[in-house]
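Everything on this sheet refers to the single structure shown next.
There are 2 protein chains.
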Amino acid sequence: MTRATAAKDGPAGPRGGPGGRKAEPAQDQPPEAGSTRERILDVALDLFIEKGFDGTSLREIAEKLGFTKAALYYHYASKDDILMALHMRLHDVGRDGLKQLTDGPVSLATWESLVDTVLGQMLAQRKLYLMHERNQAALEKLHRKDHDAEHEDLQQRFRQMLADPAISLHDRVRMASSFGAVFSVLFMAGDAFEGTSTQELGELLRQTVHDILAP
Amino acid sequence: MTRATAAKDGPAGPRGGPGGRKAEPAQDQPPEAGSTRERILDVALDLFIEKGFDGTSLREIAEKLGFTKAALYYHYASKDDILMALHMRLHDVGRDGLKQLTDGPVSLATWESLVDTVLGQMLAQRKLYLMHERNQAALEKLHRKDHDAEHEDLQQRFRQMLADPAISLHDRVRMASSFGAVFSVLFMAGDAFEGTSTQELGELLRQTVHDILAP
DNA sequence: GTCTATATAGGGATAGAC
DNA sequence: GTCTATCCCTATATAGAC
């Protein structure tokens, strides 16, 4: 395909630090929108969805960007690093949603509002969620290595709540089902709902979620 | 990609068919339960779920079985062949369910009975479905190569119906959601419902599905 | 920041002995 | 049916030039 020549190749200097070279500073800086670093992620995101993480080679990513494999290593220390960066994108998105998660008991009402929040995020960041869904094995492998960083994954928290013995089995099935409703429409239906506006789809799904959780 | 040289259909192993050089049992026979061929699939199934198809090496499979990588090639011509054999297991299971799929119009009632059928199959063949869910990229790649064999996949048929313009958007969302309910409880909830009997889970899910599709 | 060239590892697959 | 040994290829990753 044609390369996305965005005209503005970023300002000089690897601010924040190009992946783990010998002794580079950490890269916790805010990501600049059109930077090469970000463009790499955009391309990788598409390929990881289409061919899977393992099925995608660095050469493919580089070629789509118009340069060679080796150049990627200036921006990311490893292939895993690219996956991790994409994971962090989702992590940032999900942080807001997790804030409303108190440590207290979960009611069907709080669950509904949680699912509503996540639904909004999924509609806005569809590809990011899709990539995660289709590369769970690779992501788990990644997590095993970096067992630092608080693993308050959305997925993990969800599963915890679904296993909460304080909630009746009936309700837990409904909770899981309501999430599955959203998930299947957005990520498993192929292009069956492609022509539908996100707004309309969102409304229909919110209503569905509500009905599933209704007593 | 696999190598381009040499013959593609390596005549290895006890599969019948053209070119099988040894006098071995044909492949279209009923699979013998405890046979090495079946044990290979059992081990591969677990590993493909845990580490993904690409993340699993033939060496790993062989080691779990107590012999070496090369021995696998007596039973299967390639790694893809193993995946395909697992896919066929599911194909066989799904055939019954697809029988009730007429070419006529789909009502919510027929959809419900279809989901009920699939639910039963999923409860009985949980790992097989889970493997498919977690290796969609690899399976799609496989399908591209073998563009023979009628691909009336369950997934494909489902998506077709969900895109049917003769059905209202509202109903199609409900249809997808009902499937997602089943899916999420069985495959996305981790071990949250591990302690629950399949019967009880089945009943709760059938009721949920019914409620989602109810007018 | 990107290139060429290269090191290195691991995987799938084959040949032929037993 | 399984083994050892080997081939070939592709992939990640590194070194150093420009």
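Chains A and B, in that order, are what the protein sequence lines are.
The numbering used here numbers the first residue of the first sequence as 1 and each following residue consecutively.
The numbering used here numbers the first residue of the second sequence as 1001 and each following residue consecutively.
Every residue gets a Cβ at the ideal spot worked out from N, C-alpha and C, and that includes glycine.
Does the beta-carbon distance from V1043/B to L1119/B come in below 9 angstroms?
Stepping through the second sequence from its first residue, residue 1043/B is reached at position 43. Stepping through the second sequence from its first residue, residue 1119/B is reached at position 119. Result no, Cβ atoms of V1043/B and L1119/B do not sit closer than 9 angstroms.
When you compare each of S1057/B, I1040/B, E1050/B to R144/A by their alpha carbons, which one comes out closest?
Working through the first sequence from its first residue, we reach residue 144/A at position 144. Comparing Cα positions, the closest option is E1050/B.
First and last residue of the uninterrupted alpha helix (DSSP H) at Y1073/B:
Taking the second sequence and counting its residues from 1, the one referred to as residue 1073/B is at position 73. 1069-1075 is the extent of the alpha helix (DSSP H) around Y1073/B.
Let me know the alpha helix (DSSP H) ranges lying completely inside the stretch 30-69 of chain A, each 4 residues or longer, listed in chain order.
Taking only runs of at least 4 residues, the alpha helix (DSSP H) segments lying wholly in the stretch 30-69 of chain A are 36-51, 58-65.
Just checking my contact of Q125/A with L114/A at CB under 8 angstroms: how many whole Å lie between their CB atoms?
For the purposes of this step, residue 125/A is taken as residue 125 along the first sequence, with counting starting at 1. For the purposes of this step, residue 114/A is taken as residue 114 along the first sequence, with counting starting at 1. About 16 angstroms separates the beta carbon of Q125/A from that of L114/A, a gap too long to meet the 8 angstroms contact definition.
In chain A, what lies closer than 7 angstroms to I1082/B by C-beta?
Here the question's residue 1082/B lines up with position 82 in the second sequence. Neighbours of I1082/B across chain A, judged by C-beta separation under 7 angstroms, do not exist; the nearest C-beta is about 16 angstroms away.
Between which two residues does the alpha helix (DSSP H) carrying A137/A extend?
Position 137 of the first sequence, counted from the first residue, corresponds to residue 137/A. Start and end: 136-145.
Bounding residues of the alpha helix (DSSP H) (the contiguous stretch that carries I1212/B)
In the second sequence, the residue the question calls residue 1212/B occupies position 212. Here the alpha helix (DSSP H) through I1212/B covers 1198-1213.
Does D211/A come within less than 9 angstroms of chain B when only Cβ atoms are used?
Taking the first residue of the first sequence as position 1, residue 211/A is located at position 211. At least one chain B Cβ lies under 9 angstroms of D211/A.
Can you find a C-beta in chain B that's less than 9 angstroms from the C-beta of E24/A?
Position 24 of the first sequence holds residue 24/A. Unreliable positioning characterises E24/A in this predicted model, as indicated by a pLDDT of 39, which lies under 50. A coordinate reading is not provided.
Beta carbon of L205/A nearer than 9 angstroms to that of V1185/B:
Translated into the one-based positions of the first sequence, residue 205/A becomes position 205. Translated into the one-based positions of the second sequence, residue 1185/B becomes position 185. Taking C-beta atoms as the reference points, L205/A and V1185/B fail to come closer than 9 angstroms.
Does S1078/B come within less than 9 angstroms of chain A when only Cβ atoms are used?
Position 78 of the second sequence holds residue 1078/B. For S1078/B, the answer is no, since every Cβ of chain A falls outside 9 angstroms of its Cβ.
Out of W1111/B, F1183/B, K1069/B, A1192/B, state which residue places its alpha-carbon closest to the alpha-carbon of R1161/B.
Locating residue 1161/B in the second sequence gives position 161, where the first residue counts as 1. One point to set straight first is that residue 1161/B is Met, not Arg, in the sequence displayed. For M1161/B, the closest alpha carbon among the candidates W1111/B, F1183/B, K1069/B, A1192/B is that of W1111/B.
Please identify the residue among M88/A, I40/A, V182/A whose C-alpha is closest to the C-alpha of T117/A.
Taking the first residue of the first sequence as position 1, residue 117/A is located at position 117. Checked all of M88/A, I40/A, V182/A; the closest Cα to T117/A is V182/A.
Name the chain A residues whose beta carbon is nearer than 8 angstroms to that of V1185/B?
Translated into the one-based positions of the second sequence, residue 1185/B becomes position 185. In chain order: V173, A176, S177, G180.
Residues near D1171/B by beta carbon distance below 7 angstroms, same chain, minus five either side:
Translated into the one-based positions of the second sequence, residue 1171/B becomes position 171. Around D1171/B: L1108.
Closest Cβ-Cβ distance between R159/A and chain B: below 9 angstroms?
Position 159 of the first sequence, counting from 1, holds the residue named residue 159/A. It does: the Cβ of R159/A has a partner Cβ on chain B nearer than 9 angstroms.
Which of the residues in the stretch 1036-1070 of chain B, read from start to end, lie with their CB under 7 angstroms from any CB of chain A?
If the cut-off is 7 angstroms between Cβ atoms, the stretch 1036-1070 of chain B has K1051, G1052, D1054, G1055 near chain A.
Let me make sure I understand the geometry here. Which of T1036/B, D1046/B, L1083/B has the alpha-carbon closest to that of E1140/B?
Numbered from 1 along the second sequence, position 140 holds the residue referred to as residue 1140/B. Answer by Cα proximity: L1083/B.
Would DSSP call F158/A helix, strand or coil?
As a position in the first sequence, residue 158/A is number 158, starting the count at 1. Collapsing the DSSP output to three states places F158/A in a helix.
In whole angstroms, what is the alpha-carbon distance linking E1200/B and Y76/A?
Position 200 of the second sequence holds residue 1200/B. Position 76 of the first sequence holds residue 76/A. Computed Cα separation, rounded: 49 angstroms.
Within this structure, are the beta carbons of F1193/B and A176/A separated by less than 9 angstroms?
Taking the second sequence and counting its residues from 1, one reaches residue 1193/B at position 193. Taking the first sequence and counting its residues from 1, one reaches residue 176/A at position 176. Going by C-beta atoms, F1193/B is nearer than 9 angstroms to A176/A.
Is there at least one Cβ from chain A nearer than 9 angstroms to T1136/B's Cβ?
Working through the second sequence from its first residue, we reach residue 1136/B at position 136. The question names Thr, but residue 1136/B in the sequence shown is Gln. Using a Cβ-Cβ cut-off of 9 angstroms, Q1136/B counts as an interface residue toward chain A, since at least one Cβ of chain A sits closer than that to its own.
Establish whether the CB of M88/A and some CB of chain B are separated by less than 9 angstroms.
Numbered from 1 along the first sequence, position 88 holds the residue referred to as residue 88/A. Interface residue (Cβ-Cβ distance to chain B less than 9 angstroms): M88/A is not classified as such.
Would G195/A and D1054/B qualify as a contact pair, given that the criterion is a beta-carbon distance under 9 angstroms?
In the first sequence, the residue the question calls residue 195/A occupies position 195. In the second sequence, the residue the question calls residue 1054/B occupies position 54. Not closer than 9 angstroms, so no.
Give the residues of chain A in contact with T1196/B, contact being defined as C-beta atoms less than 8 angstroms apart.
Position 196 of the second sequence, counted from the start, is the residue given in the question as residue 1196/B. Chain A residues near T1196/B: L169.
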